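These notes are about the structure you will find just below.
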Amino acid sequence: MKKEEHETERVEELLSYKILDTPEEDSFDNLVKVSAFICNTEFAQINFIDAHRQWTKAWHNVDIKEIPREYGFCNHTIKNKEKMIVTDTLKDDRFAEKEFVTEEPKIRFYAGVNIKSKKGYNIGTICVMGTEPKDLNKHQQETLAREVEARIELKKSNQQLEKKAIYLKNSTDLMLLVDSKNLIILEVNEEVEKFFDFDTDHLIDRSITSLNISEFHIKNLQNWIENNNSEEFSEVINVPGKDSELYFQVNISKKDDHLFITARDITEDQRNLEQLNKNFKYQATISEVSLVFNSSIAFKEKVNKVLEIIGSVSKVCRSYIFIDFNDGQNCRNEFEWCGEGVSEQIHELQNISYKEDVPQWKETLIRDKEIISSDVTELSKPLQDILAPQSIKSIIVLPIYKDEVFMGFIGFDDTKTNRVWSDAEIFLLRTTAGLISNAYSKNETFQMLQNSERRLMNFIKQSPVSIAMLDKQLKFIETSNKWLSDYGNGKRNLAGVDYTHNEKDYKKTGDWEDIFKAVLAGNTYFLENQRLEKKDGSELWLTSKIIPWYTENEEVGGVIIFVDDVTKLIKNNLAIKKSLKEKEVLITEIHHRVKNNLATVSAFLELEQLMLENEKASKIIQKSLGRIQVMANIHELLYESESFADISLSKMCKKLFERIESGLGVNSRIFFKIDIIDIFLTINDAIPVALMLNEMVANSLEYIRHSNLSAKFTIKVTEGKNQRINVSVSHNQSSLARSNPLDSDSSLDITILKVLAEQVDGELSYGDEKTIGWKLNFKKNKSRGSSSNISKKKMKELTS
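For what it's worth, my numbering labels the leading residue of the sequence shown as 22, then goes sequentially.
Structure representation (structure tokens):
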């Protein structure tokens with residue numbers, strides 16, 4: 022493994038904290054719980070990474086003390102400047118195949134923030150992990166590392182103080198010789214002038230009380246003298262100094278009637294210790310606040326309790342929360358805690374306009390992220406005007422966010438002193454603001470879940486459909502009124518009743534036990550037209566949908582059953598099917614009879630044709646026979662077809678040209694090439710199109726047969742855009758080219774073509790530079806039946 026830059030220095034810095042392999046500590050254990058709460062994850066850890074391993078100082082829900090360094094997420098995190106967030110481990114090649122991702126606990130989300138030493142080295146991480154992909158908002162990321170760094174620095178500071186105490190144990194700043202009988206100072210060293218506002222001579226022959234030692238310490242000393250204790254007297258005392266209070270470690274030994282007193286100045290150490298204790302106290306407070314938010318008490322009680330805890334520990338006069346309303350234009354004091362002797366203001370602050378009452382307040386909080394002042398008179402004039410009437414001298418105000426959107430603010434006031442806010446106090450209050458922001462978001466989610474549950478129950482109750490909601494034991498939770506009336510067996514409420522017992526009046530088909538087991542595993546079942554037989558012999562047809570419902574923890578909580586009684590529908594469908602079958606037989610018979618009737622008409626015409634001596638009349642009858650045969654073919658196709666609505670154009674053309682070819686004779690020099698895609702037409706289109714094809718071929722054949730020439734006909738049908746059909750009938754005899762018959766020919770054949778083209782709303786044309794023959798372009802007609810698209814008036818115009 023490649024050695025990272027400054028790795029040696031980083032490890033040395035980690036070792037200087039002496040935190041590796043130390044026992045568990047409540048402060049760190051509580052911190053990982055806080056982190057998991059803030060980030061809403063199942064797991065959290067504080068890890069320190071040395072040269073070879075990842076050692077865990079504290080954990081939440083994952084008890085792993087140490088692993089090889091290269092095995093964990095955090096080895097990657099410390100190589101980054103600040104943090105590493107993996108929103109979905111399965112989509113990250115570094116982790117997708119790791120055992121803890123593919124197997125239990127199946128980590129899908131990781132966020133780690135580096136713990137930095139004072140020298141800036143990444144010595145470890147605080148991380149949170151979850152089993153679902155997600156991301157962290159900015160506040161959650163910032164909150165993670167700050168507290169760990171503060172705690173390990175406190176731990177190191179405490180170790181340094183302990184060392185210093187050993188080193189200074191034998192050092193001395195003051196030396197006095199005192200008479201043990203009357204506590205008169207006999208001798209004193211000159212160092213006393215450095216601490217007190219008087220010289221050495223002034224103290225000689227004066228009582229030791231002239232050093233302003235408290236009565237408490239004097240009494241302890243006198244008791245020690247009276248008891249003639251052989252052990253050395255040792256005590257920490259505080260006395261007023263030149264500029265401020267001083268602390269001394271005093272050691273006294275007695276010989277004969279003299280007291281030999283040495284005193285060491287420990288003022289700086291004592292103040293550091295007090296600050297250290299205060300910091301530990303604040304950190305314990307954060308853990309306590311986190312536990313309150315994780316408790317089961319009502320949300321309002323939680324917030325009031327937190328304000329009381331923070332207010333008491335930080336010794337402020339007021340702590341309060343304002344929440345926005347009216348689209349963020351106004352805010353109201355929703356929570357307040359007041360210290361002893363401080364008057365409540367919550368009732369007077371229920372409708373505060375940001376624009377009129379507190380101008381620049383919201384803008385300042387959003388821009389600067391906080392308002393912190395030890396002396397409010399140093400703030401901007403608009404802010405002074407807001408705070409002065411409330412007698413506020415010092416203040417901290419921090420914004421509250423919900424999903425990173427400003428929703429209000431939390432404030433802490435001191436009305437007694439111009440208080441200098443320490444870093445530890447600011448950190449405590451910032452962290453509290455963050456926890457409250459997170460709690461508001463969680464509470465809103467909880468309220469949404471409750472409201473959603475109420476709406477769901479109301480929806481189920483009032484639904485016109487039969488719905489039942491069951492728990493995992495298949496006991497009723499809620500049912501719709503329709504379910505009660507249909508399947509409730511006269512009961513007014515089925516809550517708590519076992520579903521399987523309630524359904525005992527029906528003989529069910531299918532393996533219901535397996536179905537419910539599958540649904541409780543997260544599957545959905547749809548049972549269509551399920552037949553149930555009642556014990557009285559009657560039958561019931563139901564269509565059911567069974568789905569799982571989920572708890573807020575995304576676990577299956579039970580099943581929801583939707584039931585639709587389709588008994589009437591099934592019976593009606595059966596009756597309709599029977600009726601349709603009868604109608605199909607009838608329609609088939611009609612088409613068969615029409616075809617037969619047309620065949621009879623054709624036979625009569627053929628007999629008439631045989632009796633005619635006029636060739637012109639014979640040709641007219643021959644053409645009419647062709648047209649009748651076309652219509653007979655259509656009815657024959659409908660008779661043979663499974664569908665009475667659509668006719669295959671290719672089959673229709675095959676019959677048409679088989680008839681035409683058979684009429685030409687075996688020695689004919691006329692040939693047909695057919696290129697037709699299989700298009701289905703309604704009877705509205707099929708008859709006119711078939712008749713037009715017949716007329717187009719017949720019209721062209723009339724010229725070719727008179728010339729006794731050989732010819733090749735090409736019949737082509739294609740489908741273009743917007744369901745438009747292109748039909749062309751052309752031949753290769755250019756010697757028989759003629760002028761456009763649509764313009765020059767007024768024969769019945771051409772009139773029929775025009776009428777039929779109009780009927781299908783088509784465009785009819787004849788020839789172009791490349792082809793000799795007919796073209797038709799029309800749009801498929803979707804309407805059923807045999808109605809004509811052409812009016813009687815239009816027909817008269819075309820035939821006149």
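Glycine included, every Cβ here is placed at the ideal spot set by N, Cα and C.
Remember, predicted model here, so these are calculated numbers, not experimental data.
Beta-carbon spacing of residue i, residue j below 8 Å
i	j	result
glycine 685	valine 738	Checking the displayed sequence, the identity of residue 685 turns out to be leucine instead of glycine. Their beta carbons are not under 8 Å apart, which means leucine 685 does not touch valine 738 by this criterion.
threonine 108	aspartate 156	yes
valine 426	phenylalanine 583	no
methionine 713	leucine 763	no
leucine 430	isoleucine 417	It should be noted that the sequence gives phenylalanine, not leucine, for residue 430. No; because the gap between Cβ atoms is not below 8 Å, this pair is not in contact.
tyrosine 153	phenylalanine 121	It is glutamate, not tyrosine, that sits at residue 153 in the sequence shown. No; because the gap between Cβ atoms is not below 8 Å, this pair is not in contact.
asparagine 550	threonine 564	yes
isoleucine 642	leucine 626	yes
valine 55	isoleucine 67	no
proline 403	glutamine 381	yes
leucine 328	phenylalanine 356	yes
aspartate 226	isoleucine 205	yes
isoleucine 655	phenylalanine 693	no
leucine 449	threonine 306	yes
leucine 702	lysine 801	yes
asparagine 753	alanine 732	yes
valine 718	isoleucine 681	yes
Exposed unless 16 or more other CB atoms sit within 10 angstroms - verdict on residue i
i	result
aspartate 526	Only weak support exists for where aspartate 526 lies, its pLDDT of 47 falling under 50; the coordinates are left without a value.
isoleucine 387	exposed
phenylalanine 734	buried
glutamine 780	buried
valine 209	buried
threonine 530	Per-residue confidence for threonine 530 stands at a pLDDT of 47, beneath the threshold of 50, marking its modelled position as unreliable; the derived number appears in the next sentence. Result: exposed.
glutamate 26	exposed
arginine 513	exposed
phenylalanine 799	buried
threonine 98	buried
threonine 398	exposed
leucine 769	exposed
phenylalanine 547	exposed
isoleucine 187	Residue confidence is low: isoleucine 187 scores 44 on pLDDT, short of 50, so the model does not pin down where it sits. No coordinate-derived value is stated.
histidine 368	exposed
arginine 31	buried
serine 412	exposed
threonine 29	exposed
DSSP state of residue i mapped onto helix, strand, coil
i	result
histidine 223	helix
tyrosine 571	strand
phenylalanine 116	coil
serine 335	helix
threonine 739	strand
proline 44	coil
phenylalanine 94	coil
proline 403	helix
phenylalanine 692	strand
asparagine 158	coil
lysine 275	strand
glutamate 357	strand
serine 484	coil
valine 540	helix
tyrosine 142	coil
Residues bridged to residue i (per DSSP)
i	result
phenylalanine 269	Ile258 and Asp286
methionine 490	Glu499 and Ile581
arginine 552	Trp562
serine 374	Asn351
glutamine 66	Trp80 and Cys148
methionine 105	Gly133
serine 669	Phe701
valine 896	Within the shown structure, residues of the chain are numbered from 22 to 821, placing residue 896 beyond reach of any answer.
glycine 794	Ser751
valine 418	Ile392 and Gly432
Closer than 8 Å to chain C by CB, residue i
i	result
threonine 588	Reference to chain C is not applicable here, since this structure consists of a single protein chain.
Practice problem: Check whether the region 134 to 147 touches the region 99 to 118, counting contact only when three or more Cβ pairs, one atom from each stretch, lie closer than 8 Å. | Solution: yes
Quiz item: Does the pairing of the region 338 to 345 with the region 432 to 446 give three or more beta-carbon distances under 8 Å?
Solution: yes
Practice problem: Could you tell me whether the region 192 to 206 touches the region 273 to 288, where touching means 3 or more Cβ pairs closer than 8 Å? | Solution: yes
Practice problem: Indicate whether the contact test is met: 3 or more Cβ pairs, each with one atom in the region 489 to 503 and one in the region 90 to 101, closer than 8 Å. | Solution: no
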